[in-house]
Amino acid sequence: KQEVTQIPAALSVPEGENLVLNCSFTDSAIYNLQWFRQDPGKGLTSLLLIQSSQREQTSGRLNASLDKSSGRSTLYIAASQPGDSATYLCAVSRNPNDYKLSFGAGTTVTVRA
Amino acid sequence: GAGVSQSPSNKVTEKGKDVELRCDPISGHTALYWYRQSLGQGLEFLIYFQGNSAPDKSGLPSDRFSAERTGGSVSTLTIQRTQQEDSAVYLCASSLSASPLGAQYFGPGTRLLVL
């Protein structure tokens, strides 16, 4: 069974600092990995999706890397802003026929103004 | 309003009562998923619908849980004889296809509290 772990569980940084969020998974035979953002009382918003054949994906201030062999992904958020405060979740899918995402418990980020 | 919508947004019920949670997926999305998010835990897959195919119910925690999708659109998740451990946020998502290549779009969730 795929186990997805996110460390740290919570993170507080001053505005302007870069954020580094970690995700690890026990079964390296993944098909893709997604990073989501969840705001209090809201649903999940997909941020980045990395196929297993890719090493990284970038969108604006966000960059996600994937090292499938070591079972790790890292989400970098550059020059953090108070609006980045949210819970960030990573999720992996196992194969093209497996739509069941395995989620980590998330990292709750607070960016202090 | 092109996103996934869910109702009610919050539900408080007494132990032993039945509840129904509704999900309206994005128009045109053929795949629909239900997840449960318990406090401090990751999302747990519950059930999956794809078109007219038989749903994948492998994630449902007990036979008190059931779901249906009428007309390939709206879905209802029913929990019978609710227990306190059923308290969680129930999230619905939809995607254009069954392939994981299609990103799943999530609704805001229904927060269920069983007293």
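As you go down the protein sequences, you meet chains Y and P in turn.
Under the numbering used here, the first sequence has 41 at position 41, and the numbering climbs by one with no breaks.
So the number in the numbering used here is just where the residue sits in the second sequence, counting from 1, plus 1000.
The beta carbon of each residue, even a glycine, is placed where N, CA and C say it ideally should be.
None of the values given here were measured: they were computed from a predicted structure.
Do residue 85(Y) and residue 74(Y) have their beta-carbon atoms positioned less than 8 angstroms apart in this structure? Not closer than 8 angstroms, so no.
Contained alpha helix (DSSP H) runs [length at least 4] in the segment 1029-1060 of chain P, N- to C-terminal order: Counting only runs of at least 4 residues, the segment 1029-1060 of chain P fully encloses no alpha helix (DSSP H) element at all.
Three-state secondary structure (DSSP) of residue 1020(P): In this structure, DSSP gives residue 1020(P) an extended state, which the three-state scheme calls strand.
Distance check for residue 60(Y) and residue 78(Y), CA to CA, integer angstroms please. The alpha-carbon atoms of residue 78(Y) and residue 60(Y) are separated by roughly 9 angstroms.
By the 10 Å Cβ neighbour count, where 16 or more other Cβ atoms means buried, how is residue 1052(P) classified, buried or exposed? So residue 1052(P) counts as exposed.
Considering Cα atoms alone, identify which of 35(Y), 89(Y), 19(Y) is closest to residue 1037(P). Taking the Cα of residue 1037(P) as reference, the smallest distance to any Cα among 35(Y), 89(Y), 19(Y) is reached at 89(Y).
Sort 12(Y), 81(Y), 24(Y) by Cα distance to residue 2(Y) and report the nearest one. Nearest C-alpha to residue 2(Y): 24(Y).
What separation, rounded to the nearest whole angstrom, lies between the Cα atoms of residue 1012(P) and residue 1084(P)? The straight-line gap from Cα to Cα measures roughly 11 angstroms.
Go ahead and label residue 18(Y) buried or exposed: buried means 16 or more other beta carbons lie within 10 angstroms of its beta carbon, across all protein chains shown. Counting C-beta atoms within 10 angstroms of its own C-beta, residue 18(Y) has fewer than 16 neighbours from the protein chains shown and is therefore classed as exposed.
For residue 1085(P), three-class secondary structure by DSSP: Secondary structure of residue 1085(P) (DSSP, three-state): helix.
Could you name the residues of the segment 1055-1066 of chain P whose beta carbon sits closer than 9 angstroms to any beta carbon of chain Y, in the order they occur along the chain? Cβ contacts with chain Y come from 1056, 1058, 1059.
Going by DSSP, what residue range makes up the beta strand (DSSP E) through residue 1074(P)? For residue 1074(P), no beta strand (DSSP E) segment is defined, and its DSSP state is neither H nor E.
By a C-beta neighbour count over all protein chains shown, 10 Å radius and 16 as the cutoff for buried, is residue 8(Y) buried or exposed? Residue burial is scored here from C-beta neighbours: residue 8(Y) has fewer than 16 other C-beta atoms within 10 angstroms and is therefore classed as exposed.
Can you tell me which residues form a DSSP beta bridge with residue 76(Y)? Partner(s): 20(Y), 63(Y).
At a CB distance below 7 angstroms, what residues from the segment 46-65 of chain Y approach chain P? Give them in sequence order. So the list reads 46, 49, given in the order they occur along the chain.
How would you write the range of the beta strand (DSSP E) that residue 32(Y) sits in, first residue to last? It spans 32-38 - the beta strand (DSSP E) in which residue 32(Y) sits, taken as one unbroken run.
Is there a Cβ from chain Y that is less than 8 angstroms from the Cβ of residue 1090(P)? No, no contact with chain Y.
Cβ pair count under 8 angstroms reaching 3, the segment 1064-1073 of chain P against the segment 1013-1032 of chain P: By the Cβ criterion, the segment 1064-1073 of chain P is in contact with the segment 1013-1032 of chain P, since at least three pairs of Cβ atoms, one from each stretch, lie closer than 8 angstroms.
Closest Cα partner of residue 105(Y) within the set 13(Y), 22(Y), 15(Y): Among 13(Y), 22(Y), 15(Y), the Cα nearest to that of residue 105(Y) belongs to 22(Y).
Cα separation between residue 1061(P) and residue 1007(P)? Residue 1061(P) and residue 1007(P): Cα-Cα distance of roughly 21 angstroms.
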